[in-house]
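Number of protein chains: 2
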Amino acid sequence: MASAGEGLRHGERVPQRRRGEALEQAILQAAAEELLESGYAGMTMDRVARRAATNKNAIYRRWPHRAALGAAAYRHLAQAQIPVPDTGSLRDDALALLRQANATWSSPRGAVLRDLLAAVGDDPRLLGLLREQADGSAMDAAWLTLLDRAVARGEAPPEAVHPRVASLPIALLRNEYALRGNPPVPDTALTEIVDEVFLPLVRGRASGP
Amino acid sequence: MASAGEGLRHGERVPQRRRGEALEQAILQAAAEELLESGYAGMTMDRVARRAATNKNAIYRRWPHRAALGAAAYRHLAQAQIPVPDTGSLRDDALALLRQANATWSSPRGAVLRDLLAAVGDDPRLLGLLREQADGSAMDAAWLTLLDRAVARGEAPPEAVHPRVASLPIALLRNEYALRGNPPVPDTALTEIVDEVFLPLVRGRASGP
DNA sequence: GATTTAAGGTACTCAACGTACCCTAATCGG
DNA sequence: CCGATTAGGGTACGTTGAGTACCTTAAATC
């Protein structure tokens, strides 16, 4: 067997030691994998370092502490694109969005996110970083789009297009998780949120001041 | 100064070593104080033991791990009695209850509770223990009472008395904390929750199916 | 090719959880 | 009233994991 990798034609050198961006991506990838496999509690710095085939130095040169790495790794694994459903009915659209959020949050990724939010505590920088990708403005935008369409169809009054209304179903879903813990919220709870709260509220704002 | 405690009349002995209930209460008290002073992260087992003038053995004989002690200590310090406001107006009642919850949650105790809920993770026993005293059924009962009174005054339709409606304002308040972190929610957010969501929903359920 | 930059390797400090062991005070049974 | 049992006190560990220090060595840059 000829020794490979060193003697290339024309003397092209293949670096054997990653640097900069390449190394950073490898670390993030390793951290994300650890997060999915063992949760945030299991994502130790040594394990990440070993998995990325590097050492803790390289990590601490980039992130000041574990929570920061955790947040960055979550972001790396949560390329959240939210496809806004368009079924032609406000109720079905709302249910579809809720079900999608429920599926995401009850997946391992959801558990990781909740761990991270807990661990981050009150560090506003990391809090923002997490929320951004997690469910923040993108989610609100989706619900506003959904309401806009309903108004255009004459299904909802214009007063219903309001940030508080838009964020309501997700807030209630989040609340279910806060109360019950990890297991996925049953579908009956989702329909209840839509039928008993969301739609009545949309109606209720019609004749309001 | 005469040496006290040992030589009592009639040979009554005052035990110098606490046992059972007395010691348990002392530990809980010490843990609760640590929680308030330094949060859950600062409530180390050694500190609690020192503060209670005992040692870790006595603690671990009673609680299997730190999280269990934390939950028990929180319960010890959170004798939650919820006085249901009765101002004669649904809006004012609702605002009063919300403001009270906001005050509690933005106090050190609220931060401790959030830390604990995070630390407890998915242990259902501790989760239940915490929620019980924290904001669970007592809170819901208060909101249902408030709705009942409004219905009696003719201020709200009977259909508004529904668990989902009752838990809504607290769910939205909790959501504010989840989104923004520790600082108290501004009063404008509370009035918005009441005026833009809660009251319209109560109205909206009136003519509903 | 020399110099500077950053990765690799490793050992270490420190804090904190949880455990083991042994001694001694309090309680309980007779 | 006196031994036996129970449970608290004291203390020293073992272990894990965060974060740091320091030196060596490869890669990039001048």
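Heads up: the protein sequence lines correspond to chains A and B, in order.
Residue numbers for the first sequence follow numbering that gives the first Met the number 0, beginning at 0 and rising by one.
Residue numbers for the second sequence follow numbering that gives the first Met the number 0, beginning at 0 and rising by one.
Built from N, CA and C at the ideal position, the CB exists for glycine as well.
Keep in mind the model is a prediction, meaning the values are calculated, not measured.
Asked	Found
Secondary structure of A205 (chain A), DSSP reduced to three states	coil
Cutoff 8 Å: E33 (chain B) Cβ touching any chain A Cβ	no
Min CB distance L189 (chain A) to chain B below 8 Å	no
Which of helix, strand or coil DSSP assigns to A165 (chain A)	helix
Proximity winner among A:E23, A:L145, A:Y176 and A:A21, relative to S166 (chain A) (alpha-carbon distances)	A:L145
Residue environment, A56 (chain B), which counts as buried when at least 16 other CB atoms sit within 10 Å	The sequence shown places Asn at residue 56 (chain B), not Ala. When all chains shown are included, N56 (chain B) counts as exposed.
Below-8 Å beta-carbon distance, N174 (chain A) vs any chain B residue	yes
Other residues of its chain near Q28 (chain B): CB distance less than 8 Å, five sequence neighbours each side excluded	A51 and H75
Neighbour flag for P123 (chain A) against chain B, beta carbons, 8 Å	yes
Any C-beta of chain B under 8 Å from that of H64 (chain A)	no
Touch test, the stretch 102–116 of chain A against the stretch 175–183 of chain A, Cβ-Cβ under 8 Å, three pairs minimum	yes
Short CB-CB distance (under 8 Å) between P199 (chain A) and chain B	yes
Closest residue to P157 (chain B) among B:L143, B:T86 and B:I169 (Cα-Cα distance)	B:L143
Alpha carbon of L198 (chain A) to alpha carbon of A141 (chain B), nearest angstrom	25 Å
Sub-8 Å separation of P162 (chain B) and D139 (chain B) beta-carbons	yes
Contact belief for L112 (chain B) with Y73 (chain B) at Cβ below 8 Å, rounded distance in angstroms	6 Å
Residue burial classification, P84 (chain B) (beta-carbon count within 10 angstroms, cutoff 16)	buried
Chain A within 8 Å of R163 (chain B), Cβ atoms only	yes
Counted within 10 angstroms of its Cβ, other Cβ atoms place E36 (chain B) as buried (16 or more) or exposed	exposed
Terminal residues of the alpha helix (DSSP H) in which M44 (chain B) lies	M44 to R50
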